[in-house]
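Data block below; observations after.
Protein chains: 2
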Amino acid sequence: MLTRIDHIGIACFDLDRTVEFYRATYGFEVFHSEVNEEQGVREAMLKINETSDGGASYLQLLEPTREDSAVGKWLAKNGEGVHHIAFGTADVDADAAEIGGKGVRVLYEEPRRGSMGSRITFLHPKDCHGVLTELVTSAPVESSEH
Amino acid sequence: MLTRIDHIGIACFDLDRTVEFYRATYGFEVFHSEVNEEQGVREAMLKINETSDGGASYLQLLEPTREDSAVGKWLAKNGEGVHHIAFGTADVDADAAEIGGKGVRVLYEEPRRGSMGSRITFLHPKDCHGVLTELVTSAPVESSEH
């Protein structure tokens, strides 16, 4: 069961400049940052609020580490903007199986590693009214920045 | 101060079909629906979780009521997908003034009426790394559906 908006994924050309925009404009701080070589992104998670299921909602700022990554190709086509949205669940495997059984294409056979040790999968945007949709099960985490 | 992800605004061609997709696929239910003639949209708010500032996070599904509305023009150009993101604040007037003072273009001189009696304004996406960004101060609300 999906119990929160986990994050909004935003693709950008320059992560440091975009982090600085969100800090200077809104006061949002980096909670965690990492490079995910499998996804081909350098990313920063800005924690915005905690959620009623015991999790939190983040902005995830994404800069491609290579042009042929999914985010790199998306940026070249669309320019900067919202790349995907993510819902949090306690059991990404069960939700992916259930949703896949309804005819929505699940993009990974098995969930992969996402931000902060989470396990993630994606749903095909053409099956989701144009919205690239991620499902996330978080790992217990501590901030790497504070 | 912005204290939550208030909603993700998603533009769609057919509100009823898109509401049904979110219900059938994820179990999300309509918390509130309305027509906003000023914005030129028919919309449904799906409440996803409550937030640590005492508010909540929603998906806002938007169908244009006329082709020349902002959402209608956006849909004709982009197709279905994420149209904007919105941050919640206790004082949209103060935040809009502060953010505008930093050189980000605020699209309304005064906040206008948003979903469920809220007061809203928008920031220019070209000043926000490609993201159309809304600021929202909620009114106290009850669901119109439950």
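Here the protein sequences line up with chains D and B, keeping their order.
Going by full-length UniProt numbering, the first residue of the first sequence is number 1, and it counts up by one from there.
Going by full-length UniProt numbering, the first residue of the second sequence is number 1, and it counts up by one from there.
Cβ coordinates follow ideal geometry from the N, Cα and C atoms, glycine included.
Query	Result
Residues near GLU37/D by beta carbon distance below 8 Å, same chain, minus five either side	THR65
Segment contact flag, the segment 87 to 96 of chain B with the segment 114 to 126 of chain B, C-beta cutoff 8 Å, min 3 pairs	yes
Contact list for SER52/B against chain D, beta-carbon separation under 9 Å	ASN49, GLU50, THR51, SER52 and ALA56
HIS83/D and ALA139/D closer than 9 Å at C-beta	no
Same chain only: Cβ atoms within 6 Å of ALA86/D, ignoring 5 sequence neighbours per side	ASP6, HIS7, GLU134 and VAL136
Closer than 9 Å to chain B by CB, LEU107/D	no
CA-to-CA distance, MET1/B to ASP53/B, given in whole angstroms	11 Å
Exposure of VAL131/B, with buried meaning 16 or more beta-carbon neighbours within 10 Å	buried
8 Å Cβ cut-off: residues of chain B touching ARG4/D	ILE48, ASN49 and SER57
Per-residue DSSP class, three states only, for residue 147/B	Absent from the structure is residue 147/B, since the part of chain B shown begins at 1 and ends at 146.
Cut-off 8 Å between Cβ atoms - residues of its own chain near VAL35/B, not counting five sequence neighbours on either side	VAL41, ARG42, GLU43 and THR65
Straight-line gap, LEU107/B to VAL71/B (C-alpha atoms, nearest Å)	15 Å
Own chain residues within Cβ distance below 8 Å of TRP74/D, not counting five before or after	ALA11 and HIS83
From LEU15/D, GLN60/D, GLY27/D and TYR22/D, residue whose alpha carbon lies closest to that of GLY9/D	GLN60/D
Contact with chain B by ALA24/D, beta-carbon distance below 9 Å	yes
Among GLU50/B, PRO111/B and HIS124/B, nearest to THR3/B - alpha-carbon criterion	GLU50/B
Own chain partners of SER33/B with C-beta closer than 6 Å, once the 5 adjacent residues on each side are dropped	ALA44
Residue nearest to GLY101/D in terms of C-alpha spacing, selected from GLU20/D, ALA56/D and ASP127/D	ASP127/D
Contacts of GLU80/D in chain B (Cβ-Cβ under 8 Å)	HIS129, GLY130 and VAL131
GLU80/B beta carbon less than 9 Å from that of THR18/B	yes
Residue 170/D classed as buried or exposed, judged by whether at least 16 other C-beta atoms fall within 10 angstroms	The structure shown does not extend to residue 170/D, since chain D is modelled only from 1 to 146, so the question has no answer here.
Residue environment, ALA96/D, which counts as buried when at least 16 other CB atoms sit within 10 Å	buried
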